[in-house]
Every structure is written in structure tokens, then in C-alpha cells.
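Peer 1: Counting in this note's numbering, the final residue of the sequence shown is number 1650, and the numbers go up one at a time with none missing.
Yeah, the Cβ is synthetic: ideal placement off N, Cα and C, and Gly gets one too.
These figures come from a predicted structure and were not determined experimentally.
To start, I am sharing the structure in question, which I have written as C-alpha cells.
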Amino acid sequence: MSIKKASLLLSFTLLLSNVLGFFRNVILAKFVSPFEYLDAYFAAFKWPDLIFNLLILGAVSTALVPIYSEIKIKSSKKEALNYAAQLLTSTLLVMLLLLLVLYFLMPTLAHSLVSGSASEIKNLTSNLGRLLLLSPFFFGLSYIVSGVLQAENRFFFYALAPLIYNLAIIIGGLGYFYWGIYGLVIWVVLGSFLHFLIQIPGLKGLPLSFPQRFQLFDPMVVKTYRLAAPRTVSLALIQVQTLVLTLFASFTGARSIAIFNLTNDFATTPTVIVANALMLAIFPTLSLAWAEKNLAQFKEAATTSLKMVLFLLIPSSFLMWILRAQLTRLYLALGKNLDWQSTILAINTLGFFSLGIVFAGLIVILTRVKYAQHDTLKPMCYSLLSVVFSLILAYSLTFFSRRSVAGLALSYSLGQMLFAGLLYWDLRKDLFSKEIEEYLFLRLIPKTILVSLISTFFCWFSLRIADYFLDTHRVLGLLGQTIFAFGIFLAAFISLAPLFRLEELNIILETFSLKNFCILKKLAKKVRM
1122 MSIKKASLLL SFTLLLSNVL GFFRNVILAK FVSPFEYLDA YFAAFKWPDL IFNLLILGAV
1182 STALVPIYSE IKIKSSKKEA LNYAAQLLTS TLLVMLLLLL VLYFLMPTLA HSLVSGSASE
1242 IKNLTSNLGR LLLLSPFFFG LSYIVSGVLQ AENRFFFYAL APLIYNLAII IGGLGYFYWG
1302 IYGLVIWVVL GSFLHFLIQI PGLKGLPLSF PQRFQLFDPM VVKTYRLAAP RTVSLALIQV
1362 QTLVLTLFAS FTGARSIAIF NLTNDFATTP TVIVANALML AIFPTLSLAW AEKNLAQFKE
1422 AATTSLKMVL FLLIPSSFLM WILRAQLTRL YLALGKNLDW QSTILAINTL GFFSLGIVFA
1482 GLIVILTRVK YAQHDTLKPM CYSLLSVVFS LILAYSLTFF SRRSVAGLAL SYSLGQMLFA
1542 GLLYWDLRKD LFSKEIEEYL FLRLIPKTIL VSLISTFFCW FSLRIADYFL DTHRVLGLLG
1602 QTIFAFGIFL AAFISLAPLF RLEELNIILE TFSLKNFCIL KKLAKKVRM
């Protein structure tokens, strides 16, 4: 599957997944009662997520696809599948051992995580955390299968997995009055199992199974974890950052953990749809080009993705900032009638998160470029610097300047800015020619910012007009105002981009043309991709 087709498919399904994620969080905010239970719900994910990120995400996101591609080129597909099977078995054995240890330590770990909360929330966090330990096991199976499917350029069933996961949580939220918070978490675990199960048909013709002769220290598995070790440390740092920010949030008042997580989920939507879709589509191409020493193709794929991320995420950041009040009121107040003070806090938090959208997208692309080059050490060092910077700033803003949870969002965004800058500085000599840098910094970035600023002014003006004609104190009026302002921003941006000769717009319009959307129908009929 070509990068364009894969990007289209993944963007489409990731958009659907984020729409489902939006309704998932609205449903959680509406039905979970008392609202403070959401603090326990989100905090309970942190330790299981830590195990998953350290054991699975590090290996899959950095090493599985490049090493699988290398074995496939130098040996055979059979040997590559045997490598994946050995990795699957050894990883799950280690994970089961760690999950068992974590089960007994969960009360202590959970209480320390929400030490600023009431005792009821502490105990609930511990119990929910124990249930959620099943999720990393199923996600471990799922993500290794995903890595094989990505390496084989089979994206259809992989793209469906997050949709199924979100649907399961939505069902759990809708039935909250019947089964309560524990039933909701059981649906989360079921969703992680379905995330794995839906991808099995994608393996048709690929005999991936547990190996007949298991080698705990298989040479390629050892190489995988050696290559993934710096990335694993990077993920550990990010998880430590998340844990500490959650701890800080627990001291800023009830509902703060929920507000931080809900607004962060929403702010990541543009990055997931744009940068993650591009990353998933180009990573196999980057890995294969590097293995074949095709530097021209490698540079072209990397720079093209970088241009598209900048062109799409710069206006997304402006749009989310100008619409932060409307989006927050629809997103949170639609689910639960929050008091006005909590709503204002959520609006400010989302506004600060919007500052980091572009940099989060750059991190996604630039780190994958480094991983395709089998370099995971430097991104780890840059991650360490950015996390330390972010946590120092978060502590200062939370306990000295009284910025509360909004200050945590600001520190998080500034940390991403530092991380992205360090990655670009590292890659600029090898990857970006003088012509490319001139295009980025003298044409693409300033022109896109200018067009976004003008579009933001039109959007702001349209908000004032809509507020005059619509009752924005009601959901339908607020929704109408938001849709109208969004449409004005989009129309202004699309109209102005050609005047400023932003060629990336033509690529976007061509990619999302009617002709290319017909590809999705054809892809849905194929099991092998």
C-alpha cells in the first residue's frame, strides 16, 4: 500500500476513533457519578500503562518494524515471522511476572499517586488499578501483531482496532447505572482484548504463532531490546512525568486529575489524526529505505511528512486556541454541569495544551526518523532534558505561582517545545539541505502562521456574530456557534493558502479527493493489505 493510501486510510479511521473518543469522554463525564470517581478512573490507568509502555510500546515503536524489515530483506519472511513469534513469547512471559508483582504492590503505589485525594478515592484507585492490569497483557498481544501488520503494509484491521476499543468503553459508560465504576473498567479490559482480536484476520497468509522451540535469549530478540532500551527509558521518563503531574494535580483540588486528562485527550486529537497517521504510514517506508541504503527515498519521505505536519498542525493550534471556550463547554459541560470555576479552569487548561500541538506532531515524526536509523539513544537524552525541564516548571507553577492544573498543561507544552527543538537540531545536518531549511523557515512556517492568524481573526469575528443571533447558553446554540466559526476559519484558510502559494494545500486536496475516498471501499473488501 502506498504512503498516500495508507495515510488516507489511517487518517480516516483515526478521525473516527477520535470522534468516538470525544463521545466516550462526554459519556464518562455525564454518567460517572460522583465526578471525583473520574479522578480515580484516570489515575488507575497510570501504573498498568507504565508496564505496557516499558515492555511493549518501546520495542514495537522503535525496533520491531526495522528489524523485521531487515530480516525479511536479508533472509526470508519465514525467518522474520519466527523473530516476531520469539519476541511475542518472551515479552509476554516477562510481562506476566511484572503484572503479578504489581498486583500486590498496587495499594501502596496507587495511594502514593493520589496522596492529595480523599481516602475513598485512594482505595478506589487501587482496586481499579488491579483490574486494569489485564489490559497490558492483551495490548501486548495486540501491538506485536500490529507491528507485523505495519511491516507488511497491512493497515486495514490495524486501523479498526482503536475504534473497537473506544466502542467498548462507550458501552461501559452508557451502562454505568447498571454496573457502576467496576463494570466500566471491566468493559475497558474487554476493549483491550477486542483490540487484539480484530487484528487476527489481517494475519491471513502470515503464519504467526507461538514458536515450537522457544529461545528466551534469541539473538534478534536481544537485539530488539538492546535497540529499544533507550526508547524504553524515554517512555519511562514520559510515564514518570505523567505520574508526577497526576500527583501534582491531586493537590490542586478535586476534579483536577479528570480535567487534566480530559482536556489533554482532546488536545491530542489533531496530532493523532495528522502526525500519527503519517508516522504509521511512513515508518515502514523509512525503515525499508534505510535498510536498503536508499538515502534519497529516506530523506524525501521524512521531509514530505514534516512539511505536511507543519502545514496542518499550525492552523489546528490556532483554531483550538480561539475556540477553546466553546470546545470545552461542549466537551465537558455537555457531559456534566460543571460549576463555572471548574469550567474556566478547563478552558485555560485546554488553551495551554493547544500551544504544544505543533511540537507534539514534530516529535512523532522526528523520533521515528531517528528510530528508522536505529538511533534511539539521542531521543532518550533529549526526552530526559525535556521531562526534567517540564517537571521543574510544573512544580514552580503549581506550588509557587498557584497556576493550578492549567500550569501543568503549560509546563507540558513547553517541555514538548524543547524536545522538538532538540530533535530538529540533531537531524538538520544529515536530513535537511539548505534549500529545505530555507523553504521551511522562510516560506512554509511564516506563511502558514500568517494565513492562520488572518483565519483566526475571521473566526473570532464570526463568533461575535453568532453570539448575537444564537442562544449560546444552550447546547444547540453553542454547537451552532462552534460549527459556524469552524467553517469560517476553514473557508478563510483554504481561500488564503493559494494566494500565499502554499503548495501543500494542493497535496491535501488531492489526497482527500473523491477518487481517493473510493479507495477506502476497495480496501474494505480486502483481507490482505
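Would you kindly report the start and end of the unbroken alpha helix (DSSP H) that includes Phe1277?
Peer 2: Phe1277 to Leu1295 is the extent of the alpha helix (DSSP H) around Phe1277.
Peer 1: Measure the C-alpha to C-alpha separation of Lys1325 and Leu1315 and round it to an integer number of angstroms.
Peer 2: 18 Å
Peer 1: Consult DSSP for Asn1274 and reduce its assignment to one of helix, strand or coil.
Peer 2: coil
Peer 1: Thinking C-alpha only, which one of Leu1505, Pro1351, Val1393 and Glu1558 is nearest Leu1137?
Peer 2: By alpha-carbon distance to Leu1137, the top candidate from Leu1505, Pro1351, Val1393 and Glu1558 is Val1393.
Peer 1: Could you tell me the distance, in whole angstroms, from the CA atom of Val1526 to the CA atom of Ala1396?
Peer 2: Using only the alpha carbons, I get a separation of about 26 Å.
Peer 1: Closer than 6 Å by C-beta to Ser1576: which residues in its own chain qualify, once you throw out the five before and the five after it? Chain order, please.
Peer 2: Phe1610, Ala1613 and Phe1614
Peer 1: Taking the alpha-carbon of Lys1193 as reference, which of Ile1629, Ala1201 and Pro1187 has the nearest alpha-carbon?
Peer 2: Here the closest residue by C-alpha is Ala1201.
Peer 1: Are the stretch 1199-1213 and the stretch 1419-1429 in contact at 8 Å, needing three or more beta carbon pairs?
Peer 2: no
Peer 1: Quick one: what's got a C-beta closer than 6 Å to Lys1198's C-beta in the same chain, skipping five residues either side?
Peer 2: none
Peer 1: How many Å lie between Met1227 and Gly1528 at the Cα?
Peer 2: Rounded to the nearest angstrom, the two C-alpha atoms are 29 Å apart.
Peer 1: If you reduce the DSSP assignment to three classes, tell me which class Ala1239 lands in.
Peer 2: coil
Peer 1: Give the secondary structure of Ala1375 by DSSP, where H, G and I count as helix, E and B as strand, and everything else as coil.
Peer 2: coil
Peer 1: Any chance the stretch 1133-1147 sits against the stretch 1345-1352, with 3 or more Cβ pairs inside 8 Å?
Peer 2: no
Peer 1: Assuming contact is defined by CB atoms lying nearer than 7 Å, are Ala1697 and Val1235 in contact in what I supplied?
Peer 2: This structure leaves residue 1697 out entirely; the chain is present only between 1122 and 1650.
Peer 1: Going straight from the alpha carbon of Val1215 to that of Leu1221, what length do you get?
Peer 2: Roughly 10 Å separates the two Cα atoms.
Peer 1: Mind the definition here: the stretch 1233-1251 touches the stretch 1366-1383 only if three or more C-beta pairs lie below 8 Å; say whether that holds.
Peer 2: yes
Peer 1: Using C-beta distances below 7 Å, list every residue in its chain close to Gln1447, excluding the 5 sequence neighbours before and after it, in chain order.
Peer 2: Leu1599, Gln1602 and Thr1603
Peer 1: Around the C-beta of Ser1256, are 16 or more other C-beta atoms found within 10 angstroms, so that it is buried, or is it exposed?
Peer 2: buried
Peer 1: Helix, strand or coil for Gly1268, going by three-state DSSP, please let me know.
Peer 2: helix
Peer 1: So what's Pro1095 in DSSP terms, helix, strand or just coil?
Peer 2: The requested residue 1095 does not occur in the structure, where the chain is confined to residues 1122 to 1650.
Peer 1: His1232 by DSSP, collapsed to three states: which one?
Peer 2: helix
Peer 1: Around the Cβ of Ser1517, are there at least 16 other Cβ atoms within 10 angstroms (buried) or fewer (exposed)?
Peer 2: exposed
Peer 1: With distances taken from CA atoms, which of Ser1437, Leu1270, Leu1219 and Thr1488 is nearest Phe1173?
Peer 2: Leu1219
Peer 1: Helix, strand or coil: how does DSSP classify Gln1494 here?
Peer 2: Note: Gln1494 maps to coil in three-state DSSP.
Peer 1: Please list, in chain order, all residues of the same chain as Gly1477 whose beta carbon is under 7 Å from its beta carbon, the five residues on each side excluded.
Peer 2: Tyr1533, Ser1534, Gln1537 and Met1538
Peer 1: Might you give, ordered along the chain, the residues of its own chain that have their beta carbon closer than 7 Å to the beta carbon of Thr1470, omitting 5 neighbours on each side?
Peer 2: If we look at Thr1470 and ignore the five residues flanking it on each side, its Cβ neighbours are Ile1380, Phe1381, Thr1384, Val1526, Ala1527 and Ala1530.
Peer 1: What is the residue span of the alpha helix (DSSP H) that Arg1671 lies within?
Peer 2: With the chain covering 1122 to 1650 only, the question about residue 1671 has no answer from this structure.
Peer 1: On a Cα-Cα basis, can you pick out the residue from Phe1276, Ser1211, Ser1504 and Ile1359 that is closest to Phe1338?
Peer 2: The candidate whose alpha carbon is nearest that of Phe1338 is Ser1211.
Peer 1: Just to confirm the assignment, what range does the alpha helix (DSSP H) spanning Pro1619 have?
Peer 2: Judged by DSSP secondary structure, Pro1619 falls within the alpha helix (DSSP H) whose first and last residues are Val1596 to Leu1620.
Peer 1: Which first and last residues belong to the alpha helix (DSSP H) in which Ala1446 is found?
Peer 2: Arg1445 to Thr1449
Peer 1: Considering only C-alpha positions, which residue in the set Leu1440, Leu1262 and Ile1468 is nearest to Leu1176?
Peer 2: Leu1262
Peer 1: Among the candidates Ser1377, Leu1440, Ile1628 and Leu1505, whose CA atom is the shortest distance from the CA of Lys1428?
Peer 2: Ile1628
Peer 1: Which residues in the same chain have their Cβ closer than 6 Å to the Cβ of Phe1480, if we skip the five residues on either side of it in sequence?
Peer 2: Gln1537, Met1538 and Ala1541
Peer 1: Would you tell me roughly how many angstroms separate the C-alpha atoms of Lys1151 and Val1186, rounded to the nearest one?
Peer 2: Distance between the alpha carbons of Lys1151 and Val1186: 40 Å.
Peer 1: Out of Phe1419, Leu1318 and Cys1502, which has the shortest C-alpha to C-alpha gap to Asp1551?
Peer 2: Phe1419
Peer 1: So for Leu1327, helix, strand or coil by DSSP?
Peer 2: coil
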